[in-house]
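Taken in order, these protein sequences are the chains called A and B.
If you're matching positions, the first sequence starts at 307 in the numbering used here and goes up one per residue.
If you're matching positions, the second sequence starts at 307 in the numbering used here and goes up one per residue.
In this text, a Cβ means the ideal position worked out from N, Cα and C, and glycines have one as well.
There are 2 protein chains.
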Amino acid sequence: MKRLPPLNALRAFEAAARHKSFTAAASDLFVTHGAVSRQIRQIEEFLGRRLFERLPRGVELTDEGREYAAVVRRAFEQMAEASDAIRTRADEKQILTISTTPRFAVGWLMSRLHLFQRDFPQYGIRISSTTRLVNFERERIDVAIRYGRGNWPGLSVTRLFDHEEVPVCAPALLEGPNALRSPEDLARVRLLHDGSYQYWKSWLEFAGIDNVDPHEGWVMDDPNVMFQAAIQGQGVALSNPRTIETELRDGKLVRPFDIVLATDVAAYAVCPEQNADDPKIRAMIEWLVAQAEAQE
Amino acid sequence: MKRLPPLNALRAFEAAARHKSFTAAASDLFVTHGAVSRQIRQIEEFLGRRLFERLPRGVELTDEGREYAAVVRRAFEQMAEASDAIRTRADEKQILTISTTPRFAVGWLMSRLHLFQRDFPQYGIRISSTTRLVNFERERIDVAIRYGRGNWPGLSVTRLFDHEEVPVCAPALLEGPNALRSPEDLARVRLLHDGSYQYWKSWLEFAGIDNVDPHEGWVMDDPNVMFQAAIQGQGVALSNPRTIETELRDGKLVRPFDIVLATDVAAYAVCPEQNADDPKIRAMIEWLVAQAEAQE
DNA sequence: TATTAATGTGAGTTTTAATCACAGCTATGA
DNA sequence: TCATAGCTGTGATTAAAACTCACATTAATA
């Protein structure tokens with residue numbers, strides 16, 4: 307076979323030809339314009355011909371460049387199409403089953419999962435949300451995301467992020483004559499509890515507040531219900547800020563004070579040790595870690 | 307455009323599919339089998355499918371892999387063909403003119419130049435061999451290779467290798483009753499001089515030989531003629547072993563003793579300073595340096 | 001049973017590519 | 001007409017990717 311030009315540079319050339327601009331191609335490829343400029347030069351040196359005319363504002367393809375770009379684009383399209391055909395082949399599509407808590411599913415996973423699907427169209431996704439500990443084999447779970455201390459024998463354990471607790475409430479509670487200003491003001495509002503009084507008790511101790519009764523308020527067994535109550539202004543809930551990211555960003559919930567209780571539990575991605583090398587499981591766990599890191 | 311797999315890995319896949327072997331593909335691509343193994347895995351993880359069946363002796367394409375390989379190969383062929391068409395386009399082909407001494411041309415450059423041409427088919431090559439110092443502009447020289455001390459003002463100078471001198475002769479001179487055994491035996495054979503007695507004089511001084519008259523022997527003004535004389539067994543010549551590589555390898559000439567005289571001159575690639583950035587000149591000089599280094 | 005001819009892989013190194021920050025160019029518009 | 005905005009080019013540095021090495025593993029072959 308005849309010698310091929312540097313392939314990554316060729317892809318940069320294709321993008322530049324499509325945009326008629328190095329800068330636009332660069333942002334298309336998520337690199338800087340300098341990287342594209344170097345790669346185009348590589349191709350031009352390889353071919354011994356200019357492919358672009360350099361103009362003061364942008365670039366323009368030479369005749370040769372235009373012809374070449376057409377061939378290159380067609381070749382890339384064929385490759386992309388063939389790759390895509392394999393990746394999205396519906397028959398015998400592999401299903402990746404994720405088990406997690408309902409809150410984590412709604413508050414963290416859902417808003418990100420389309421990104422995984424975009425990068426890995428070859429896998430079907432199934433989400434099984436339960437607070438129970440799962441039997442991987444019987445329930446056909448590939449990856450579970452669980453809070454704990456990471457000591458699960460027989461399982462491959464990957465830490466995602468620490469679990470911290472911070473009070474959150476509807477923004478309306480920060481306004482008016484009874485507005486929450488300091489932690490002591492919690493005595494005047496309803497506490498929302500997730501299953502047990504324990505969490506608020508620990509937080510109040512940590513914050514050094516003694517005028518607030520941790521047994522006051524409502525207890526709900528479904529955290530999603532609890533957060534809906536908080537959004538409606540029914541009281542103040544405790545939450546890991548990471549799992550209510552969207553609510554915080556949209557302003558549905560706010561953090562009245564920045565006293566963050568660190569805990570000794572963390573979110574972990576786990577799977578049976580013997581499956582840790584399965585490509586789809588590895589892909590998912592690596593992706594979860596990357597997402598958790600990106601969130602910081 | 308749909309997402310493309312890692313392109314260099316794709317090339318490795320193509321080679322592996324062609325050879326039906328990772329090891330063979332590796333040597334084809336001048337890398338180790340480990341590199342190919344990783345790249346194939348990359349592609350397989352990207353696609354979410356095995357492309358090869360792993361057998362104990364070698365690998366075999368899966369049905370999917372076979373289909374995919376066909377598409378990929380065709381796409382690469384299109385790119386290679388289009389690239390080649392531009393690179394070898396005869397009209398307006400750029401000519402690269404190299405000026406060097408006749409000896410260097412015959413003894414070093416000639417045997418390597420096809421490698422340059424293979425990598426850079428887009429340039430036509432012209433060789434101008436003369437011992438004169440050249441006028442780059444008037445004689446349209448792009449790159450000159452010259453011996454000296456590297457102090458040529460106005461020129462961009464790149465050192466290639468040191469010039470050393472060592473005696474060489476036909477292997478026949480090492481046999482029979484009058485065989486050359488030690489440097490002192492040079493008194494019994496003819497010395498072959500390249501233009502001046504100076505070189506032998508320096509070498510004999512360096513070697514500490516005082517029974518040999520450096521003014522003995524034949525003086526030839528063309529080193530190629532001198533080496534022909536040496537090959538025919540007419541005497542012993544002094545030479546830089548680098549420029550008679552092929553004669554040494556073929557056994558036409560041998561080094562009777564390993565006393566190497568280092569000199570203060572070296573071989574340099576030079577070009578006018580203002581042309582040092584010309585792609586074809588840069589390509590040639592970088593290639594000359596790489597060849598000189600490879601020879602060591 | 002030892003050998004051979006392959007692929008797979010963890011750790012470390014080398015090579016390659018990308019970034020950053022600044023330079024240079026010129027059409028545009030104040 | 002002169003500063004500005006919008007590009008591309010590049011030297012030095014940093015970051016990432018690829019490769020190598022050495023060893024492991026496997027099963028056909030001698």
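- Message: Residues of chain A with CB closer than 8 Å to the CB of asparagine 314 (chain B), please, in chain order.
- Response: In chain order, Leu313 and Asn314 make up the part of chain A whose C-beta sits under 8 Å from the C-beta of asparagine 314 (chain B).
- 7 Å CB neighbourhood of phenylalanine 609 (chain B) in its chain, flanking five on each side removed: As displayed, chain B neither begins before 307 nor continues past 602, which places residue 609 (chain B) out of reach and without an answer.
- valine 622 (chain B) vs proline 483 (chain B) beta-carbon contact at 7 Å: Residue 622 (chain B) falls outside the range modelled here, since chain B spans only 307 to 602, and no answer is possible.
- Query: serine 343 (chain A) CB to nearest chain B CB: under 7 Å?
  - Reply: No, no contact with chain B.
- Message: Would you say glycine 340 (chain B) lies against chain A (beta-carbon separation less than 7 Å)?
- Response: For glycine 340 (chain B), the answer is no, since every Cβ of chain A falls outside 7 Å of its Cβ.
- Query: Among A:Phe358, A:Trp506 and A:Lys586, which residue has its Cα nearest to the Cα of threonine 368 (chain A)?
  - Reply: For threonine 368 (chain A), the closest of A:Phe358, A:Trp506 and A:Lys586 by C-alpha to C-alpha distance is A:Phe358.
- Work out the CA separation of alanine 318 (chain B) and alanine 485 (chain B) for me, nearest whole Å. In a straight line, the C-alpha of alanine 485 (chain B) is about 56 Å away from that of alanine 318 (chain B).
- Query: Is the shortest distance between the beta-carbon of valine 595 (chain A) and the beta-carbons of chain B less than 7 Å?
  - Reply: Closer than 7 Å: no.
- Query: Relative to the alpha-carbon of threonine 407 (chain B), which residue among B:Asp500, B:Phe563 and B:Gln580 has its alpha-carbon at the smallest distance?
  - Reply: Among B:Asp500, B:Phe563 and B:Gln580, the Cα nearest to that of threonine 407 (chain B) is on B:Asp500.
- Task: For glutamine 400 (chain A), write down the residues that DSSP places opposite it in a beta bridge.
- Result: Its beta-bridge partners are A:Tyr429.
- Query: Quick check: the segment 517–530 of chain B against the segment 494–508 of chain B, are there 3 or more CB pairs under 8 Å?
  - Reply: Taking one beta carbon from each stretch, the segment 517–530 of chain B and the segment 494–508 of chain B have 3 or more pairs nearer than 8 Å; the two touch.
- Interfacial residues, the segment 409–434 of chain B to chain A, with Cβ spacing under 9 Å: Of all residues in the segment 409–434 of chain B, those with a C-beta nearer than 9 Å to a C-beta of chain A are Arg424, Asp425, Phe426, Pro427, Gln428 and Tyr429, reading in chain order.
- Item | Closest by C-alpha distance to histidine 521 (chain A), when choosing among A:Ala589, A:Phe422 and A:Ser508 | Taking only the C-alpha atoms, the option nearest histidine 521 (chain A) is A:Ser508.
- What are the complete beta strand (DSSP E) segments, minimum 3 residues, inside the segment 449–505 of chain A? You should have 449–454, 461–474 and 497–500.
- Message: Between the alpha carbons of asparagine 517 (chain B) and arginine 487 (chain B), how many angstroms are there, rounded?
- Response: Distance between the alpha carbons of asparagine 517 (chain B) and arginine 487 (chain B) is about 15 Å.
- Task: Compute the beta-carbon to beta-carbon distance between glutamine 428 (chain B) and threonine 394 (chain B), rounded to the nearest angstrom, for a pair I have assumed lies under 8 Å.
- Result: About 7 Å; that satisfies the 8 Å criterion.
- Query: Of all the options B:Tyr453, B:Asp519, B:Leu492 and B:Val463, which has the alpha carbon lying nearest to the alpha carbon of glutamine 540 (chain B)?
  - Reply: Looking at the Cα atoms, B:Leu492 is the closest of the given residues.
- Does any CB atom of chain B fall closer than 7 Å to the CB of leucine 310 (chain A)? Yes, its Cβ sits closer than 7 Å to a Cβ of chain B.
- Using a cut-off of 9 Å between C-beta atoms, extract the partners of phenylalanine 563 (chain B) located in chain A. Chain-ordered listing is empty here: chain A has no CB closer than 9 Å to the CB of phenylalanine 563 (chain B), the nearest sitting near 44 Å.
- Message: Considering Cα atoms alone, identify which of A:Thr552, A:Tyr374, A:Phe352 and A:Arg309 is closest to arginine 324 (chain A).
- Response: Of the listed residues, the one whose Cα sits closest to arginine 324 (chain A) is A:Tyr374.
- Message: Taking the beta strand (DSSP E) that leucine 554 (chain B) belongs to, which residues open and close that run?
- Response: Segment 551–555 is the alpha helix (DSSP H) holding leucine 554 (chain B); no beta strand (DSSP E) there.
- Query: Using 8 Å as the Cβ pair cut-off and three pairs as the minimum, do the segment 456–468 of chain A and the segment 565–583 of chain A touch?
  - Reply: The answer is yes - the segment 565–583 of chain A touches the segment 456–468 of chain A, with three or more Cβ pairs under 8 Å.
- Can you list the beta strand (DSSP E) stretches of 3 or more residues lying completely in the segment 530–582 of chain A, in chain order? Listed in chain order, they are 542–545 and 567–578.
- Residue range of the unbroken beta strand (DSSP E) whose run includes tryptophan 414 (chain B): If you look at tryptophan 414 (chain B), you'll find it isn't in any beta strand (DSSP E); DSSP assigns it neither H nor E.
- Item | For threonine 673 (chain A), three-class secondary structure by DSSP | Here chain A covers residues 307 to 602 and nothing more, so residue 673 (chain A) does not appear.
- Run of the beta strand (DSSP E) containing phenylalanine 328 (chain A), from where it starts to where it stops: Phenylalanine 328 (chain A) -> not in any beta strand (DSSP E); alpha helix (DSSP H) instead, spanning 328–335.
- For glutamate 336 (chain B), count neighbouring Cβ atoms within 10 angstroms of its own Cβ and tell me buried if that reaches 16, exposed if not. Note that residue 336 (chain B) corresponds to phenylalanine in the displayed sequence, not to glutamate. Exposed, by the Cβ-count rule.
- Query: Hey, alanine 536 (chain A) and alanine 476 (chain A) are a contact pair by Cβ (cut 8 Å); roughly how many whole angstroms apart?
  - Reply: That belief holds up - the Cβ atoms of alanine 536 (chain A) and alanine 476 (chain A) are roughly 6 Å apart, short of 8 Å.
- Are any of the Cβ atoms in chain A nearer than 7 Å to that of alanine 450 (chain B)? Taking 7 Å as the threshold, the shortest C-beta distance from alanine 450 (chain B) to chain A does not fall below it.
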